[in-house]
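*Asks:*
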Amino acid sequence: MNLVEECMSKPVKSVDAKVNVRLVVEEMNKHRIASILVVEGGKPVGVITERDILQRVIEKNKSLDYTKAEDVMSSPVHFINSKATIKEACELMILFKLKRLIVIDENKPVGIITITDIVKKILSLRKEFLEDWEKSIINAWESF
Numbered sequence: 776m777n778l779v780e781e782c783m784s785k786p787v788k789s790v791d792a793k794v795n796v797r798l799v800v801e802e803m804n805k806h807r808i809a810s811i812l813v814v815e816g817g818k819p820v821g822v823i824t825e826r827d828i829l830q831r832v833i834e835k836n837k838s839l840d841y842t843k844a845e846d847v848m849s850s851p852v853h854f855i856n857s858k859a860t861i862k863e864a865c866e867l868m869i870l871f872k873l874k875r876l877i878v879i880d881e882n883k884p885v886g887i888i889t890i891t892d893i894v895k896k897i898l899s900l901r902k903e904f905l906e907d908w909e910k911s912i913i914n915a916w917e918s919f
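If you read the sequence shown in our numbering, its first letter stands for residue 776, the second for the next number, and so on.
Next comes the structure, spelled out in structure tokens:
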């Protein structure tokens, strides 16, 4: 059925809203990720992307050490249930002009799904379809 949980990245990495941006950058580099969830009291309050850091910190000559995650994050956070379909994820991304959604299960963040994750899934489905189609043609040809 092509569910979000089948192609999301997990687990979702997070930082506290009060940490400085230097720590955010270190976490993103350590885990080789382009975005990170921001939490306050354990609850998701925003997302920070590489672009957020470039536009809101570097471009404005702000200090990585004195700028807090909460001052850089994009908010509100947009969620999707892990049991939702990839089509539903695409519809939400288009509606809100997003490149990523935080995936939840029982109201807890369990992963993140990005446009890249969806494209990879679509390409793998396309490949499977073409392989099945090719086998069907060969089987039909051999039955003559």
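Backbone N, C-alpha and C define an ideal beta-carbon position, used for all residues, glycine too.
Could you name the residues of the same chain whose beta carbon sits closer than 7 Å to that of V796, not counting the 5 residues immediately before and after it, in chain order?
*Replies:* I828, V832, L839, T842, A844, V847
*Asks:* Quick one: what does DSSP say E881 is sitting in, helix, strand or coil?
*Replies:* coil
*Asks:* Assuming E801 and K896 are in contact, meaning their beta carbons sit under 8 Å apart, how far apart are those beta carbons, in whole angstroms?
*Replies:* Taking 8 Å as the upper bound for CB-CB distance, E801 and K896 are not in contact here, some 30 Å apart.
*Asks:* Using the rule of at least 16 other Cβ atoms within 10 Å of the residue's Cβ for burial, across every protein chain shown, is M868 buried or exposed?
*Replies:* It is buried - the Cβ of M868 has at least 16 other Cβ atoms within 10 Å.
*Asks:* Taking only the alpha-carbon atoms, compute the straight-line gap between I887 and P819 and give it to the nearest angstrom.
*Replies:* 13 Å
*Asks:* Do you know whose CA, among L898, V894, E917, E881, lies nearest R875's CA?
*Replies:* V894
*Asks:* Are the CB atoms of I808 and K835 within a distance shorter than 8 Å?
*Replies:* no
*Asks:* So I861 and V878 are in contact, right, with Cβ under 8 Å, and what is the actual spacing, rounded?
*Replies:* About 12 Å separates the two Cβ atoms, so there is no contact after all.
*Asks:* For G821 and S911, what's the separation of their Cα atoms in angstroms?
*Replies:* 48 Å
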